[in-house]
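Protein chains: 2
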Amino acid sequence: MPEKAFQDYYPDQWSHCYGCGRLNEQGLQIKSYWDEETGETYSIYHPRPHHIAIPGYVYGGLIASLVDCHGTGSAAAAAYQAAGRRMDDGGPPIRFVTGSLHIDYLKPTPLGPALDLRGVIREVKGRKVIVDITLSVEGEITARGEVVAVQVPDHWSLITGEKEQDELR
Amino acid sequence: MPEKAFQDYYPDQWSHCYGCGRLNEQGLQIKSYWDEETGETYSIYHPRPHHIAIPGYVYGGLIASLVDCHGTGSAAAAAYQAAGRRMDDGGPPIRFVTGSLHIDYLKPTPLGPALDLRGVIREVKGRKVIVDITLSVEGEITARGEVVAVQVPDHWSLITGEKEQDELR
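Top line first, the protein sequences correspond to chains A and B.
Note that this note's numbering has the first sequence beginning at 34, numbered continuously upward.
Note that this note's numbering has the second sequence beginning at 34, numbered continuously upward.
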């Protein structure tokens, strides 16, 4: 596993996210990486006992959260790649928010083993990136997700004014 | 607000859910009710400071979780209603799991005020219920969701064997 995840390159003001922020101590701290062999992205998450739906199975909202943050993280990594940039090049940060999220729950996801997320970058077009994601447990796919991620304006800073919000709408 | 929420009628073995289980102390404890005037369902949730995306805004995975559990709860209430039953009639429990979940994030959701979810039962057909959900903050809709909920087999008990799992696939 590489030393730093996509999310570890986010600037501090983007690192409070409950799903993937390294500065959110109560959050899920989702970490995503490139699989250099396949060109896919991946993330491995170990659910906690309270992440339960019915006894024995993972809560669907946790799955949605994992897909969401793995999706926006993958979108950022893909956008850097498309721009010929490295995530640690010190240039203006490229960050994405979720425009839409879709999950198909194919079967119950057993609670206990690690959850394996794989992301395929389907499309990078302008400021939009679409990522297809599967969630597997011990080799069996239990859910499929799609994230349509939208790049935030370059000047969308920590102190977000009404004008800047409008640009995200 | 009525005394008991839809989720408070769930049998104990269905009440551990991280999103809406009354027995999950670390969970979100989402509560859903009928609005008798409009025939819609509603839920009000007060996000905590760590439910953050970027500073000032609500985490999208929390929104997905709220839509998910408000959707399956609304589906259960609608199925009881369609069957001419009361949720507290002591008969076989009617419970739903999420088949698919879709969220459109229309604009950033401010973190602080209460989140208002409204559900409209679009379709009750066989063992499937489709619920359309809006999430608003102080009267402004910031996200729209759709939950396709699937009723679990009557005998799908606490101890779920491989055979019963197959029926959910």
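Using N, Cα and C, we set each Cβ at its ideal position, and we do this for glycine too.
Closest option to A:L150, judged by alpha-carbon separation, among A:F39, A:S48 and A:E73: A:E73. Boundaries of the beta strand (DSSP E) around B:Y75: T74 to Y78. Contacts with chain B (Cβ-Cβ distance below 7 Å) from the segment 165–189 of chain A involve no residue at all. Using a CB distance cut-off of 9 Å, B:V162 does not count as an interface residue toward chain A. Close CB contacts of A:G117 within its chain, under the 6 Å cut and outside five residues either way in sequence, are absent. Within the segment 82–165 of chain B, the runs of beta strand (DSSP E) that reach at least 3 residues and sit entirely inside it are, in chain order, 129–138 and 148–158. Taken in chain order, the members of the segment 46–58 of chain B whose beta-carbon sits within less than 7 Å of a beta-carbon on chain A are Q46, W47, H49, C50, Y51, G52 and N57. In terms of beta-carbon proximity, A:S107 stays away from the interface with chain B, with every pair separated by 9 Å or more. Straight-line spacing of the CA atoms in A:G89 and A:M120 works out to 39 Å. Counting the other Cβ atoms within 10 Å of the Cβ of B:K158 gives fewer than 16, which makes it exposed. In this structure A:H79 is exposed. Its beta-carbon is surrounded by fewer than 16 other beta-carbon atoms within 10 angstroms. In the DSSP assignment, the residues bridged to B:I174 are B:S169. Within a 10 Å sphere around the beta-carbon of B:T131 sit 16 or more other beta-carbons, which makes this residue buried. Two segments are said to touch when three or more pairs of C-beta atoms, one from each, lie closer than 8 Å; by this definition the segment 130–147 of chain A does not touch the segment 45–61 of chain A. Nearest CB-CB separation between B:Y92 and chain A: below the 9 Å threshold. Listed by position along chain A, the residues whose Cβ is nearer than 7 Å to that of B:I136 are S133 and L134. For B:D187, same chain residues with a beta-carbon under 7 Å away, outside a window of 5 residues either side, are P125 in chain order. Exposed is the label assigned to B:K37, since fewer than 16 other Cβ atoms lie within 10 Å of its Cβ.
Here B:G106 is not near A:G93, since their CB atoms are 9 Å or more apart. A distance of 9 Å or more separates the beta carbons of B:K140 and B:T167. With respect to B:I136, A:A97 sits close: the two C-beta atoms are nearer than 9 Å.
Collapsing the DSSP output to three states places B:Y51 in coil.
Within the same chain, and ignoring the five residues on either side of A:P146 in sequence, the residues whose Cβ sits closer than 8 Å to its Cβ are V170 and E171. The C-beta distance from B:I127 to B:Y138 rounds to 31 Å, too long to meet the 8 Å contact threshold. The beta-carbon of B:D121 is placed no less than 9 Å from the nearest beta-carbon of chain A. With respect to B:A109, B:A182 sits close: the two C-beta atoms are nearer than 9 Å. Contact between A:S48 and A:R55 holds, since their C-beta atoms are separated by about 5 Å, short of 8 Å. Residues of chain A with a Cβ closer than 9 Å to the Cβ of B:L150 do not exist; the shortest Cβ-Cβ separation is about 13 Å. Taking 9 Å as the CB threshold, B:I85 lines the interface with chain A.
Across the structure, A:G104 and B:L95 are spaced so that their CA atoms are roughly 15 Å apart. For A:L99, the closest C-alpha among the options A:Q40, A:V162 and A:E69 is that of A:Q40.
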